[in-house]
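The sequence shown begins at 657 in the working numbering and counts up one residue at a time. Just so you know, even glycine gets a beta-carbon here, dropped at the ideal spot from N, CA and C.
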Amino acid sequence: MKIVQTVMETVARFAPDREADPLLHAGSYIGQRISRVDGNLKVSGGARFSAEFDLERLAHAAIVCSTIAKGKVASIDVSGALAAPGVSAVMTHLNAPRMKAPSLVDEGSPKSFAASNLPIMQDDRISWNGQPVAVVAAATLEQAEHAASLVRVLYEQDTAQVSFDELKAEAIPPSDIMGEPAELSIGDADTALANADVVVDHVYRTPPYNHNAIEPHATIASWDDDHHLTVFDSTQTVSGYRYALAEIFGLAEDRVRVVALFVGGGFGGKAGLWQNTVLCAAAAKMLKRPVKLALSREQVFRVVGGRTIAEQRVALGSRRNGELTALLHTGITATTTHARYAEQCTFPARHLYAAEHLFVGQKVVNLDSVANTWMRAPGESIGTFALESAIDELAHQLQIDPIEIRRINEPTTDPSQGSKFSSRHLNEAYERGAVRFGWSGRHAEPRAQRDRHWLIGQGVATAYYPVYRFPGKARVRISADGTALVQVAANEMGMGTATAQIQHAAERLGLPIDRVSLQYGDSDLPDSPMAGGSCQTVSIAASVQAAIEKAHRRLLELAGKDGGSPLAGATYEQVVAHAGGLVRGDNPNRGATYTAILKSAGQDCVEAEASARSPRELMKYSAGSYGAQFCEVRVNEESGETRISRWLGSFDCGRVINPTTVISQLRGGIIMGIGMALMEETLFDERKGRIMNPSLAEYHVPVHLDVPQIDIIYNDIPDEHTPLGAHGVGEIGITGAAAAIANAVFNATGKRVRHLPIRIEDLL
Ligand code: MOS
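Pasting the structure below:
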């Protein structure tokens, strides 16, 4: 696997550049503020989410979760539950259908998307506090929940490893981090640090965080017979769930259908397959009728993992003029033996600064807990908190402006890969941001600005998230009535995927936007990558581009058979899509509409399915989204309360396809960053391994009053190497956000807080 990758990277590095996407600067629809195509459906209640499909004979399920972290189910008494009104079955490890344990991402198959590789309700073993041990199915939800409360479980407890602090001394490097080495060393960072003029060397701590999408995870599963499974599920990974379910139930992939038309937010918590989906399908198989399993808010905390706890060290050595001579960023995160996921907290340090000597390294400890998982910029969000706090500390120590120190250390080639950047304009983002925010009005000295008992301060931090593009397919049908339909399995969880791809397809087809529709959210449609890793827009764009190219080539063939057609004899390279058809590039008056071509060929439509070209641009170049987060806080000197009073995010994320949806993504990320910095924290009882605050009453997320007006600006410079010139925008908003807040709090109060969340008691 590694060897193949290296060979491919070498080939890619020397391969000639592919021509830039012809739509790089097209702007009929791309770049326009277009309202979400599914907006009306959503606000009028017409959009159906996974729990809202009504199937005949639908049974409602409720789960029972373990109350110990490790051990065995000694006995389980379901008689009370079975006798309760409306109950049709109780499923436990004693009677659940036999199922294969799923494989993790890239373990066995790159197609698998399970968050954990534990067998699901197949034996008496307990691996975390909250693991489902029984599923009760009844006629109504209330009956199922009541009966679930009557299930009596006795456990044999083993000693569980649930304390990160107790285990961290034994942390070991993971085999890899998302395919990259866990450790990377350039030069001799330790020696350079020891010899540096100025040194900043600190440890930063962040707590575990949990997923709280507005829509809790929900599934409806139904079997046609024992060999055809249909699942309505709130997943981010339509095609990946189909593969994982096929693997678990021993079915061919085409016997499983996963439907996820609308998803109420995911953020990574619905990317990996969790036990609830599988248990719903298993219960439906056992009952031979459709079953709905919708997790409660508390159960999302129990059954679905979140972001790891982390401890990171950042050590910076610099010259008096601010040039970094040494950058060391190391981190310990927690995972489980059944997830083996190390959040990539050192990734930003691999790409952001031109330090002469660089060392990054990560280690993990294994806890007996629910599997940790992706959560919006999984490693980059906590990684930038540590790194960007440390850069601010260095700037303060050197008495250099925090923006200036970043400019001084801006690299010209990627610091860890040596490759060119595909498109990087971080300095411009800072410059434009500084003007808009009024950075020059800031006082470098802490505690210099106040408004009665409110101390005021401003901070900046760099945002960073890599560009990913994954393989996928798309199908396009161009009809004689002048309409087009694009089909992809991918889903829409609120970020604007459907709108952006309709804009894209209309532009590439030269059709009015209201003549183009997109069908999505169904694994029976052509395979797409997950809605994750901020990859969806460019990934789908590449597959739609390929499908449209194929359809255009077919249309040209048809036109070529008609000697009278103005397109006869034209090659694909000689035509462009324009005004509802194809025209010659050198003479827009010589062409034919799709309708004319199809009618003269006697066809209703032309249809083409194609795979995206391989993402060679990402092997050749270092590609990322960048940004500058500007934040102003007011800290109440008497109460210690921190309020965010102003925010500006200035981003460099390639071409912006739709300002409305892009700005919303970036704002959403920043709001999640505010939660991470000031409110959110999973409280983990280290005696029992149980989450103590599994509700939105106790796990605080930002509410409207916590969030100021967030201004967003962006460079909008197309990346010549990516489809549409675009980069991802889903995750970058959260990166740098917590550091910008901590840096602003320091500027306001003179207090440097190196842990999250920043609390009232830290500032009193
Ligand atoms: Mo994102 S954390 O890849 O959904």
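Tell me whether the beta-carbon of Val1363 lies closer than 8 Å to the beta-carbon of Ile1388.
No, the pair does not count as a contact, with Cβ atoms beyond the cut-off.
If you measure between the beta carbons of Ile988 and Met755, is that distance less than 8 Å?
No, they are not a contact pair.
Around the ligand MOS, what residues have a beta-carbon under 7 Å from a heavy atom of it, in chain order?
Gln892, Gly922, Phe923, Gly924, Ala927, Trp1030, Met1031, Arg1032, Ala1033, Pro1034, Ala1187, Gly1188, Gly1189, Ser1190, Gly1386 and Glu1387
Whole angstroms is fine: what's the gap from Ala715's alpha carbon to Ala1162's?
43 Å
Counting along the chain, where does the alpha helix (DSSP H) carrying Arg1210 start and finish?
Gln1192 to Lys1217
Taking 8 Å as the limit between beta carbons, can you name the residues of its chain near Ser1075, skipping five residues before and five after?
Arg669, Thr1069, Lys1276, Tyr1277 and Ser1278
In whole angstroms, what separates the C-alpha of Asp1242 from that of Ala1224?
14 Å
Taking 7 Å as the cut-off, does the CB of Pro864 come closer than this to any heavy atom belonging to the ligand NAD?
By its list of ligands, the structure shown excludes the ligand NAD, since it contains just the ligand MOS.
Do Lys941 and Pro758 have their C-beta atoms closer together than 8 Å?
no
Going along the chain, which unbroken runs of the alpha helix (DSSP H) with 4 or more residues stay wholly within the stretch 934–996?
953–959
Could you give the uninterrupted runs of the beta strand (DSSP E) lying entirely in the stretch 862–892, keeping only those of 3 residues or more?
874–879 and 885–889
Please classify Val660 as buried or exposed, where buried requires at least 16 other C-beta atoms within 10 Å of its C-beta.
With a pLDDT of 46 at Val660, under the threshold of 50, the predicted position of this residue should be treated as unreliable, though the coordinate-derived value follows. Label assigned to Val660: exposed.
For the beta strand (DSSP E) that contains Gly1013, what are its first and last residues?
Just to set this straight, residue 1013 is His in the shown sequence, not Gly. Taken as a continuous stretch (DSSP letters only), the beta strand (DSSP E) holding His1013 covers His1013 to Asn1022.
Which residue wins for smallest C-alpha separation from Ala1400, given the options Arg1415, Pro1374 and Glu1288?
Glu1288
On a CA-only basis, which of Ala1010, Val970 and Glu979 is nearest Thr1002? Give me that one, please.
Per the Cα distances, Val970.
Please name the residue in Arg1103, Gly973, Trp1095 and Ala1197 whose C-alpha comes closest to that of Asn1065.
Gly973
Tell me which same chain residues have a C-beta within less than 8 Å of the C-beta of Lys658, skipping the five on either side of it?
Annotation note: pLDDT 44 at Lys658 (below 50); position unreliable, no value reported.
Which of helix, strand or coil does DSSP assign to Asp844?
In the three-state reduction of the DSSP assignment, Asp844 falls in the coil class, being assigned neither a helical nor a strand state.
According to DSSP, is Asn1403 part of a helix, a strand, or is it coil?
helix
Judging by CA-CA distance, which residue of Gly1406, Lys698, Asp710 and Arg1415 is the nearest neighbour of His1099?
Gly1406
Assuming His1356 contacts Met1335 under a Cβ cut-off of 8 Å, what Cβ separation, rounded to an integer in Å, is found between them?
4 Å
If I'm right that Val1200 touches Val1132 with Cβ under 8 Å, what's the distance once you round it to whole angstroms?
For Val1200 against Val1132, the beta-carbon gap comes to about 7 Å, under 8 Å, which counts as contact.
Can we say the stretch 1173–1183 touches the stretch 1211–1223, given the rule of at least three CB pairs closer than 8 Å?
no
Do Val915 and Asp1178 have their CB atoms nearer than 8 Å?
yes
Use the C-beta contact count for Thr891: other C-beta atoms within 10 angstroms, 16 or more gives buried, fewer gives exposed.
buried
By how many angstroms is the C-alpha of Asn1403 removed from the C-alpha of Gly1115?
7 Å
For Asp889, which option in Arg689, Arg913 and Val1239 has the closest C-alpha, if you only look at C-alpha atoms?
Arg913
Excluding the five sequence neighbours on either side, which residues of its own chain have a C-beta within less than 6 Å of the C-beta of Ser1037, listed in chain order?
Ile1390 and Thr1391
Alpha carbons only, please: which of Leu750, Arg1164 and Ala1027 is nearest the one belonging to Ala790?
Leu750
For Leu1412, I'd like the list of residues in its chain whose CB is within less than 7 Å of its CB, leaving aside the five on either flank, ordered along the chain.
Thr862, Pro863, Phe1041, Met1332, Ala1333 and Ala1394
With distances taken Cα to Cα, identify the nearest neighbour of Ala771 among Ile965, Thr992 and His884.
Thr992
Classify Ala1233 as helix, strand or coil using the three-state DSSP reduction.
strand
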